[in-house]
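Protein sequence lines correspond, in order, to chains A and B.
Residues are numbered in our numbering as their position in the first sequence, beginning at 1, plus a constant of 1.
Residues are numbered in our numbering as their position in the second sequence, beginning at 1, plus a constant of 1.
Just so you know, even glycine gets a beta-carbon here, dropped at the ideal spot from N, CA and C.
Protein chains: 2
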Amino acid sequence: MSWSSFYHTASRVFHEYPSWSKSVVVCTIISGGGLAAYSDTRSAYSDNGDQFPKKKVVVLGTGWAGTSFVKSMKNSSYDIHVVSPRNYFAFTPLLPSVTCGTVEARSIVEPIRNISRKSGLDVQFSEAECYKIDPKNNKVYCRASHDKKLGGTEEFSLDYDYLVIAMGARSNTFNTPGVEEHAYFLKEVEDAQRIRHKVINLFERASLPCVPVEEKKRLLSFVIVGGGPTGVEFAAELYDFVHEDLSKLYPSLKDHVKITLLEAGYHILNMFDKRITEFAEEKFKRDGIDVKLGSMVVKVGEKEISSKERGSGEVATLPHGMVVWSTGIGARPEVVDFMKQLGQINRRALVTDEWLRVEGCDNIYALGDCATINQRKVMEDIAVIFSKADKENTGMLDLKEFQNVVGDIIERYPQVDIYLKSQMKDMASLLSKSQESPTTVVDIEYFKQALSKVDSQMKNLPATAQVAAQQGTYLADCFNRMELCERYPEGPLRFRGTGRHRFRAFRYKHFGQFAPLGGEQTAAQLPGDWVSIGHSSQWLWYSVYASKQVSWRTKALVIADWGRRFLFGRDSSQI
Amino acid sequence: MSWSSFYHTASRVFHEYPSWSKSVVVCTIISGGGLAAYSDTRSAYSDNGDQFPKKKVVVLGTGWAGTSFVKSMKNSSYDIHVVSPRNYFAFTPLLPSVTCGTVEARSIVEPIRNISRKSGLDVQFSEAECYKIDPKNNKVYCRASHDKKLGGTEEFSLDYDYLVIAMGARSNTFNTPGVEEHAYFLKEVEDAQRIRHKVINLFERASLPCVPVEEKKRLLSFVIVGGGPTGVEFAAELYDFVHEDLSKLYPSLKDHVKITLLEAGYHILNMFDKRITEFAEEKFKRDGIDVKLGSMVVKVGEKEISSKERGSGEVATLPHGMVVWSTGIGARPEVVDFMKQLGQINRRALVTDEWLRVEGCDNIYALGDCATINQRKVMEDIAVIFSKADKENTGMLDLKEFQNVVGDIIERYPQVDIYLKSQMKDMASLLSKSQESPTTVVDIEYFKQALSKVDSQMKNLPATAQVAAQQGTYLADCFNRMELCERYPEGPLRFRGTGRHRFRAFRYKHFGQFAPLGGEQTAAQLPGDWVSIGHSSQWLWYSVYASKQVSWRTKALVIADWGRRFLFGRDSSQI
C-alpha cells in the first residue's frame, strides 16, 4: 500500500521533472551524534546522447547571493544541493520595517524550496549549518541544529564538484565589551522580531504602576550604534512607531522616550552624497533624535552604554533600555577557519579573483558578504602585458601594436578604464609623449610610468544586497554556459598565459541606493550622483522595493502590509 | 521643556477624555524584588454635583470574559484597572488555523489598550500576572515577569472596590506523566506559533540526507490527544497543510506523514449531534487520519506515546515526532489558591451565584473558564418558597396564591421552566392532583413532591468563548446600571429574604457551534438542533468568524489571510 503510493509519488515527480533521472542514495549513520557521509549519484545526457554523471554543485547559504544563484540556474546537467540554517530567503532591506511592524516578517520571506521548485531543476535543500570545508577532498561537513527536544544535532558531509560559498557575514562587534550580551543586532529576521518584541516590552514595563519616573526614562531610552543605512532607517522607523502609534496607546510615556544615534565617524550615512547626509542630520535634529557624531562606544552594560568622544577623548555614559548594534560586518567563524586553511590571513573576507573563484581553489566560488574580489593590479603584470603587446619582440611598443591589445587590457583591468575616464584621456594620449607627436614608440620603462597611477583607481565593492544578487546571477550564468564557453572562450586575453579566459570577468553595475528617513521621506542616490530627497523618492522606494520582491506572494503581502499600516497603524500586541 | 510638554500631553489627554479627573498616584517601592503598594484616588460627580471617589474595579485577564466586560463598560463612575500577562485579546477560536499559517497570529489579536481606548473610559492596563488575591483587605498582588535582562520581576499590589476575576483556565494534563515535558498545548497564541514552527522543523529534519526512513516516519507521525473541537480542528488543519502545501515542497516525505487522533471517549466531538460525529469520523477515515476511540493516554515520552485501550486494557505504544494535547481545562494555580482561601475544595472552578458573584464574597465576581455558576436548587428553598407563596400562612397553597409567585419561581429557578417544557406541562397541571379537579389546594409535602424532579434539569455551562463573552457583557451591564438597580431592583423575588434582587440573574443564550473538518467542510450545530454539514456551512463559518472579530483591523486581516491562503497557499518558512 505505502509502497504503491510511494511509487505513484515517485512517478509523478519523475513526470513533473523529466530532467530527473533515477538516484541512488547511499546513506550510512555513524552512531553518537551521527556523522553520515552522503553521496548522491545522478546522471545527465550529453549532446550526443551518452550518459555522464551530473556535476554536484553544493551551495552554502540562502541569502541574496545563494538565492539569486539558484534562481538563475537553468542548466539541468548539475545536481544542486543547497545547505543553509534558514529554509527561506529574506528580503533584508525591509528588516528595519519589520522591527516596528510596518511590514510583517512573513511578508519578506520566501521558502527556498518554493524558489528552487520554480527553476524546474533538480535542487535539494538541507536545513543545516556548514561548519567545515575540506577543499582537499571536495567535502563540506554540515550540522543540523534542530531543537534539542528532538534528540540533539545530526551531522553529515556532502561531496561536491563545485562549491559555492554564499554564507554572508556576521555583525561586527569590534570586540567591544558587553555587545554580545546586552546589544541587539539587526541582521536576521529573528533579530527584527526580537527587537519588535522588546520595544513593546519596554513600553509595557515602563507603564507599570510601581515604576518610578527615572526608571521609565531609562527604559524608554533607545540607543542605536552605527549611522549606516540600517541604523539610520531603524532610528527613523522607531521614531515613527512611537509618534504615530505608541503615543496614542501610552500617552503618559510619550515624553519619556529618547532615541540616540551614536556614530563613530564625523557624519551619518557617510557613503551617501553630502546633501543626503546633511538632510538626514537636520531631519533627525528636528525630530529630536539625538545624533552623537564622532563618539565611539567603548562598553555596553546592562543598563548603560559608555562612549568616547573622538576629539576630547572624554567618556560619556548613557542609561539605556535597549541598544541596537549595526556598525558593520565581519567574517563568520567557519569562513575564517576556511581562510586559515588557504593561508588567507588578516583579510576581512574570502579573497576571490574577478571570476569569483576563491584564490587557490579551482572549483570553489565565493560571493556576497563573505567574499571580496582581488582585482589584479596592472603593475604586477606590466611586463607580461608589454611583451604580449610587443608582437615582434622589438622591446619597443608602437601605438598600432598597443591599440591591438587596448581592448583586452581594459577588460582585464577595469581600473585602466576608470582612470582614463577620470583623467579625460584616451589610450593614445596616455602613451604619446607630447601633443605634437601623437604616434610614438615607447619602451617598457616609459610604459610602466604611463600606467603607474592606474591601480590607485581600484576599490572594493560594498557589502550590499545589490552586489550579492548580481554576483549570484553572474555565476549561475557562467555555470549555465560552462560547456559552451570551454569550447568558445569569451573572456579577455590571458596575459600571463596563452589563449583567452573562459568567461568575462564579473562587473558590478550600481543602480543607486535608498535611505528611508521616516515620516514618508526617503533619500535616493541614483547613478550619476543624481540625488532625490522627500516624498517623491519615498514613492520611488515603495515601487522599487515592491517590484524587487522575490515572489508574487511576497509582493502582494508587502503592499498589503503598507496599506494596512496606512489604514490601521502598526500593531503593538506583544506576540 | 519636558515639563511643559508633559503639561501639554496631560491637558490634551484631559480634553480627549472629559470624564477623567485629576489623579494622584502614590507609589512607593520596597527594595528587593520591589513590592509596591499602588493606590490611585480618582473622583467622579454624582447627579447632584457633589464629588465622590470613583469606585476601583480591578479586572484580571484579557480573554473573552475580561475583554467583553471592559468593552461593554459605559459608566464613567468607575476607575478600571486591567491586569493580565497578555497585553492583547486573542480570538481563540482561530488558534487552530494559526498553527498551520492559514491565518497569521497577528490577525487574531488586538491590543487591550486599543479596545479600552475606544470605550472612552478611564481604563488602565498593567502587563502582569496576579499571583495572590486577598479578599479580606480588598487587595490583589501582581508580578510583572518581563525579560530577565531588564532586571528581574517587579511586584506591586492594587486595591479594589470590585474585583472581576477572568483569568481563564490552563490545559488539563490529568497528571499524565510526560505531558508537561513533551507535549504541545493549544491554548495561547504562543502555543499555536510554537506548533507551526515545530511542524516545519519536523519536515526539515526528516528531509536531511542522513535520516533513515524509519526515523523519517517517526518524525512525521503527529499524535493529537483529545477529540474535542480544538483537537479535531487542528487535525483537520494539519491534514490540509500537509496535503495542500507541504506535499509540493517535500514530495518525497508526503507518504511518511501519519496523523493519529486519540480520544478517551467512544466518539470524537461528543458534545455535538450524532450526525456531526459520524460525518467527522467518516471524513477522517477517508482522509487517512487514524482516529483511535476509547484509548486513554497513560504516558508521553520524548519519542513515543503510550495509550490504554478502554475495553481490553491493553497498552499500545506509538512513535511520535510531536504530540498535541487538548483534552480539556483545569483551574489555574492562583485560582486554586483563592478557592482554598474561600474553602471551595474539590471544585473544578470558582463557584459563583447566578449573578456571577463568587460565593462568600460581596465584591468579587468571576467569569469565563475560571468560574462555574452554582444554580440554586429548588429543593433547598422549597420551604421558603412555600411560605412566600402562602400569603395567609394557612399552611396550604391554593392555585391562585401559587400563580402569583410562579413568574418569580421560574425566573429564580430556570430549571423549573426547562422541566415543565420537557414534560410539556404548565404550572397548574403540575399542582393539580387530577385532570378532573384543576383548581386545588396542596400542602408543603405535596408541593415538595411535585417539584422533586425539577432540579435534575440543571446542568453546568460549557467552557466556551460564547459563554465567557456573554458573561462579560452581562456583568458590565450590571455595573453600568448599578445605582439605578439599587434604587429600582429588577431581579426576581428574594425567597430567603425580603424584597427583590437588584439584577436579573445571568442567562446563557446558545447561538450554536461550529466544527471545521478541513477540506473546506465545516459542521454547524445551530439552536434547535439544526445541523448543517459541508461547504455551505464552511461559508457560514467564514462569515460568522469574520463578523465576530473584535476590530476592523482584525476583520480585514483575517479575511485577507483567507484570501492569501486561497491564492498562494500557506507559508512554510521557519520563522
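query                                                                                                                                                                              : result
Does the distance from the CB of A367 of chain B to the CB of L357 of chain B come in under 8 Å?                                                                                   : yes
Compare the Cα-Cα distances from C486 of chain B to each of B:H502, B:Y163, B:Q194 and report the closest residue.                                                                 : B:H502
For the putative contact between F53 of chain A and V551 of chain A, defined by C-beta atoms under 8 Å, what is the C-beta separation to the nearest angstrom?                     : Not really, about 33 Å apart at Cβ, beyond 8 Å.
What's the C-alpha gap between Y509 of chain B and L527 of chain B?                                                                                                                : 15 Å
For a test of the three-state rule: what should DSSP assign to N347 of chain B, helix, strand or coil?                                                                             : coil
Assign P493 of chain A to one of three DSSP states: helix, strand, or coil.                                                                                                        : coil
With 8 Å set as the bound, which would you pick, yes or no: does the beta-carbon of V190 of chain B sit closer than that to a beta-carbon of chain A?                              : yes
Tell me which same chain residues have a C-beta within less than 8 Å of the C-beta of T555 of chain A, skipping the five on either side of it?                                     : F92, S108, I109, V110, E111
Using the C-alpha atoms, what's the distance from D363 of chain A back to R413 of chain A?                                                                                         : 19 Å
Pick out whichever of B:P94, B:F515, B:D456, B:E234 has its Cα sitting closest to the Cα of E381 of chain B.                                                                       : B:D456
Provide the residue span of the alpha helix (DSSP H) that contains D418 of chain B, from first to last.                                                                            : 415-424
By the three-class DSSP mapping on this structure, what secondary structure does D274 of chain A have?                                                                             : coil
I need the boundaries of the alpha helix (DSSP H) containing E381 of chain A, first residue and last residue.                                                                      : 379-390
With a threshold of 6 Å on Cβ separation, who are the neighbours of R171 of chain B within its own chain once the five nearest residues in sequence on each side are excluded?     : G331, R333
Excluding the five sequence neighbours on either side, which residues of its own chain have a C-beta within less than 6 Å of the C-beta of S69 of chain B, listed in chain order?  : A470, G473, T474
Report yes or no: is there a C-beta of chain A within less than 8 Å of the C-beta of I30 of chain B?                                                                               : Model confidence at I30 of chain B stands at a pLDDT of 30, short of 50, so the residue's coordinates are unreliable; what they give is reported in the following sentence. Output row for I30 of chain B: interface = yes.
In its own chain, which residues sit with a C-beta less than 6 Å from the C-beta of T177 of chain A, not counting the 5 before and 5 after it?                                     : V298
Given that a residue counts as buried once 16 or more other Cβ atoms are within 10 Å of its Cβ, and exposed if not, what is L558 of chain A?                                       : buried
Chain A partners of R114 of chain B, CB-CB under 7 Å?                                                                                                                              : L250
For a quick check, are the C-beta atoms of K217 of chain A and H257 of chain A less than 8 Å apart?                                                                                : yes
Excluding the five sequence neighbours on either side, which residues of its own chain have a C-beta within less than 7 Å of the C-beta of D246 of chain B, listed in chain order? : G570, R571, S573
For D572 of chain B, which of helix, strand or coil comes out of DSSP?                                                                                                             : coil
Where do the ends of the alpha helix (DSSP H) carrying I81 of chain B lie?                                                                                                         : That residue, I81 of chain B, is in no alpha helix (DSSP H); its beta strand (DSSP E) goes 79-85.
From this set, A:G529, A:V226, A:S78, A:V60, which residue's C-alpha is nearest Y142 of chain A's C-alpha?                                                                         : A:V60
Report, in whole angstroms, the separation of the C-beta atoms of L398 of chain A and V442 of chain A, which I expect to be a contact under 8 Å.                                   : 7 Å
Distance cutoff 8 Å, beta carbons only. Does A390 of chain A sit that close to anything in chain B?                                                                                : no
Could you please tell me which residues of the stretch 81-93 of chain B, in chain order, have their CB closer than 9 Å to any CB of chain A?                                       : H82, R87, N88, Y89, F90, A91
Take Y185 of chain B as the anchor and find which of B:P97, B:G396, B:S388 has the nearest alpha-carbon.                                                                           : B:P97
Any chance you could list the beta strand (DSSP E) runs of at least 3 consecutive residues sitting entirely within the stretch 179-235 of chain A, in chain order?                 : 184-186, 222-226
Taking buried to mean at least 16 other C-beta atoms within 10 Å of its own C-beta, is G314 of chain A buried or exposed?                                                          : exposed
Classify Q575 of chain A: buried if its beta carbon has 16 or more other beta carbons within 10 angstroms, exposed otherwise.                                                      : buried
Taking the straight line between their C-alpha atoms, what separation do you get for R197 of chain B and N138 of chain A?                                                          : 39 Å
Give the residues of chain A in contact with D456 of chain B, contact being defined as C-beta atoms less than 9 Å apart.                                                           : Those do not exist, as D456 of chain B stays about 45 Å from chain A at its closest Cβ, beyond 9 Å.
Please name the residue in A:G396, A:Q458, A:A193, A:Y447 whose C-alpha comes closest to that of K422 of chain A.                                                                  : A:Q458
Name, please, each residue of chain A whose Cβ falls closer than 8 Å to the Cβ of A129 of chain B.                                                                                 : L209
Could you give the DSSP three-state label for E1 of chain A: helix, strand or coil?                                                                                                : Because chain A is modelled from 2 through 576, residue 1 of chain A falls outside the range shown and cannot be assessed.
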